[in-house]
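In my numbering, the protein residues as written are -7 to 132.
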């Protein structure tokens, strides 16, 4: 939760990005965003360019404005296919155990008043998995 209003979500988990947040700066909490190069033969992260268009895939809840995220009218929301959480659950169960390396994709700077919220979020993320030697099994 990067919001001062601790009752709201608003903390996107993104793949292919490196994001640095500073919770001590109320008006500009995102310090930097890098994106994984899609056209590079060797994967590298590059700074997000304001003049480029990036294609993303998002869950229905976020694409439709959930948690207060607003997208331009160019967003295409598709209602075709399985319910996303069911598809994700099947994938995780099929691929388990999954290797979850520490990629350092999310960096958060906070002060003492935000420390509890960050610790609670981290604890919640660990509750549904068991990990050993860098491999995690997700519990159904």
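From the three backbone atoms N, C-alpha and C, an ideal C-beta is built for every residue, glycine too.
Only a predicted model underlies this, so the values are computations on that prediction, with no experimental measurement involved.
8 Å Cβ shell around residue i - same chain, five flanking residues per side excluded
{"i": "residue 101", "result": "12, 13, 14, 15, 16 and 23"}
{"i": "residue 73", "result": "79"}
7 Å Cβ shell around residue i - same chain, five flanking residues per side excluded
{"i": "residue 53", "result": "none"}
{"i": "residue 36", "result": "29"}
{"i": "residue 8", "result": "27 and 28"}
Distance, residue j Cα to residue i Cα
{"i": "residue 144", "j": "residue 96", "result": "What the structure shows of the chain is the stretch from -7 to 132, and residue 144 is not part of that stretch, so it cannot be assessed."}
{"i": "residue 27", "j": "residue 21", "result": "18 Å"}
{"i": "residue 65", "j": "residue 46", "result": "15 Å"}
{"i": "residue 98", "j": "residue 75", "result": "27 Å"}
{"i": "residue 77", "j": "residue 10", "result": "24 Å"}
{"i": "residue 48", "j": "residue 42", "result": "15 Å"}
Assumed close pair residue i, residue j - CB separation to whole angstroms, cut-off 8 Å
{"i": "residue 55", "j": "residue 69", "result": "5 Å"}
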